[in-house]
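For the sequence shown, the positions run 38 to 390 when the working numbering is used. Ideal placement from N, C-alpha and C gives every residue a C-beta, glycine not left out. Note that the coordinates shown come from a computational prediction; the quantities given were computed from them, not determined experimentally. What follows is one structure encoded as structure tokens, with my remarks underneath.
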Amino acid sequence: MTTVDETKLEAFMGQALGDLGAAISGLMVYLGDQLGLYKAMAGAGPVTPSALATATSTDERYVREWLDNQAAGGYVQYDASARTYELPPEQALALADEDSPAFLPGGFTGIVAAYVDADAFADAFRTGRGVGWHEHDPRLFLGTERLFRPGYKGFLVTEWIPALTGVDAALQEGATVADVGCGHGASTILMAQAYPTSRFVGYDYHGASVDTARKRAAEAGVADRVRFEVASAKDYPQDGYDLITFFDCLHDMGDPVGAVVHARRALSEGGTVMLVEPYAGDHPEDNHNLVGRAFYGFSTVICTMASRAQEVGLALGAQAGEARMREIFEQAGFSTFRRATETPMNIVYEAKR
38 MTTVDETKLE
48 AFMGQALGDL
58 GAAISGLMVY
68 LGDQLGLYKA
78 MAGAGPVTPS
88 ALATATSTDE
98 RYVREWLDNQ
108 AAGGYVQYDA
118 SARTYELPPE
128 QALALADEDS
138 PAFLPGGFTG
148 IVAAYVDADA
158 FADAFRTGRG
168 VGWHEHDPRL
178 FLGTERLFRP
188 GYKGFLVTEW
198 IPALTGVDAA
208 LQEGATVADV
218 GCGHGASTIL
228 MAQAYPTSRF
238 VGYDYHGASV
248 DTARKRAAEA
258 GVADRVRFEV
268 ASAKDYPQDG
278 YDLITFFDCL
288 HDMGDPVGAV
298 VHARRALSEG
308 GTVMLVEPYA
318 GDHPEDNHNL
328 VGRAFYGFST
338 VICTMASRAQ
348 EVGLALGAQA
358 GEARMREIFE
368 QAGFSTFRRA
378 TETPMNIVYE
388 AKR
């Protein structure tokens, strides 16, 4: 009979109960974001449940319960003597400011979508089949845009592109750019806003996302130099692009080698591929940390299943690591592949023919 270490059991139960609280609190973050509770608290100082409910046109009793969940998790501060709640400025950056690189509610929106699709994931585990991006609850598409856009806004133009060899100058002069796997077009539009003399086209196989991207471009006032088309990573026109980008999507593709081969053929002479991938080490143990835990979770039910639903189904996963990415680009015939820069959430690579 196996001997159970009661101390270790008690420690694990504490950990698991913390995860249980975190799991339900993820839903609380989603509600706080959807109902405007965080935005109403940001910069408002101490508030009562009644005042917050009035400001957000919500029910005071539910708001009070929500606030106590947030206080118990350290998301808001509670003053027991005054019976008020306050959102600290640091939490406000992460929960209420959609332009902050630290903004996180988009990720929680994606998790809500994933919970809705949980039965489909369980079936995929049993059968080994994939779950296509287009098969998910639509909140995943919006959540993904809102999760990644703040980081792109904070780093893409100021740090990532300048870290590439000659790309910033080429874009300022006027270049042609293909953004492959563009989703709702956040990365494409940000580049177009920063480089008005260049021309951009975003490609994605998901028609609904392309429709949204077109609306986003019109709202941003860049539709005159940005267009979005429905196409896969292996069948968009090979028009001689000066820059081809993959933002957090190559690992989702069924045939990433084929996608990179197509990109090589679609580049102009001297053109560049910019690859942005989730931060990852080359070995599983390198990623057994808080960031890796989140990425492995998303990878299990979104990235790996998306790849399995496509041709080849290589299933790289979101934690593939630099060595695996280098191998793919070398297989595709690229002569240069290097790590250009990084953030706590992403690694940016540069590849040239």
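Inset, instruction - For Thr85, I'd like the list of residues in its chain whose CB is within less than 8 Å of its CB, leaving aside the five on either flank, ordered along the chain. - result: For Thr85, the CB contacts under 8 Å within the same chain, skipping 5 residues up- and downstream, are Arg120, Thr121 and Tyr122 in chain order.
Legend entry - Distance between Tyr278 and Ala200 (C-alpha atoms, nearest Å): The straight-line gap from Cα to Cα measures roughly 19 Å.
Legend entry - beta strand (DSSP E) runs wholly inside the region 244 to 289, at least 3 long, in chain order: Restricted to the region 244 to 289, the beta strand (DSSP E) segments that are unbroken, complete and at least 3 residues in length are 263 to 267 and 278 to 284, listed in chain order.
Legend entry - Residue closest to Gln114, alpha-carbon to alpha-carbon, out of Asp136, Ala81, Phe140 and Arg236: Of the listed residues, the one whose Cα sits closest to Gln114 is Ala81.
Legend entry - Local conformation of Leu351 per DSSP, three classes: Looking at Leu351 - three-state DSSP - the assignment turns out to be coil, as it is neither helix nor strand.
Inset, instruction - State buried or exposed for Lys76, treating a residue as buried only when at least 16 other CB atoms are found within 10 Å of its CB. - result: Residue burial annotation: Lys76 is buried, with at least 16 other C-beta atoms found within 10 angstroms of its C-beta.
Legend entry - For Glu387, three-class secondary structure by DSSP: Collapsing the DSSP output to three states places Glu387 in a strand.
Legend entry - Segment limits, alpha helix (DSSP H) that includes Gln107: Element bounds for Gln107: Glu97 to Ala109.
Inset, instruction - Return yes when the Cβ of Gly295 is within less than 8 Å of the Cβ of Lys271, no when it is not. - result: For Lys271 and Gly295, yes; Cβs fall inside 8 Å.
Inset, instruction - Name the residue from Leu312, Glu266, Met50 and Ala355 whose alpha carbon lies nearest to the alpha carbon of Pro321. - result: Closest option to Pro321, Cα to Cα, is Ala355.
Legend entry - Residue nearest to Ala303 in terms of C-alpha spacing, selected from Glu314, Leu124, Arg330 and Gln275: Taking only the C-alpha atoms, the option nearest Ala303 is Gln275.
Legend entry - Status (buried if at least 16 other CB within 10 Å, exposed otherwise) for Arg183: Arg183 is buried by the Cβ-count criterion.
Legend entry - Secondary structure of Phe237, DSSP reduced to three states: Strand, per DSSP.
Legend entry - Residues near Ala245 in its chain [Cβ-Cβ closer than 8 Å; skip 5 each side]: Closer than 8 Å at the Cβ level, and outside the excluded window around Ala245, lie His171, Pro175 and Phe178.
Inset, instruction - Decide yes or no for the touch test of the region 59 to 72 against the region 159 to 168: beta carbon pairs closer than 8 Å, at least 3 of them. - result: Here the region 59 to 72 does not lie against the region 159 to 168, with fewer than 3 beta-carbon pairs under 8 Å apart.
Legend entry - Neighbourhood of Gly169 by C-beta distance below 6 Å, restricted to the same chain and skipping five residues each side: Cβ-Cβ distances below 6 Å link Gly169 to Ala346 in the same chain, with the five nearest sequence neighbours on each side left out; the list follows chain order.
Inset, instruction - Confirm, please, whether the CB-CB distance from Ala129 to Ala79 is below 8 Å. - result: Taking 8 Å as the Cβ cut-off, Ala79 and Ala129 qualify as a contacting pair.
Legend entry - Straight-line gap, Arg98 to His299 (C-alpha atoms, nearest Å): Their backbone Cα atoms lie some 57 Å apart in a straight line.
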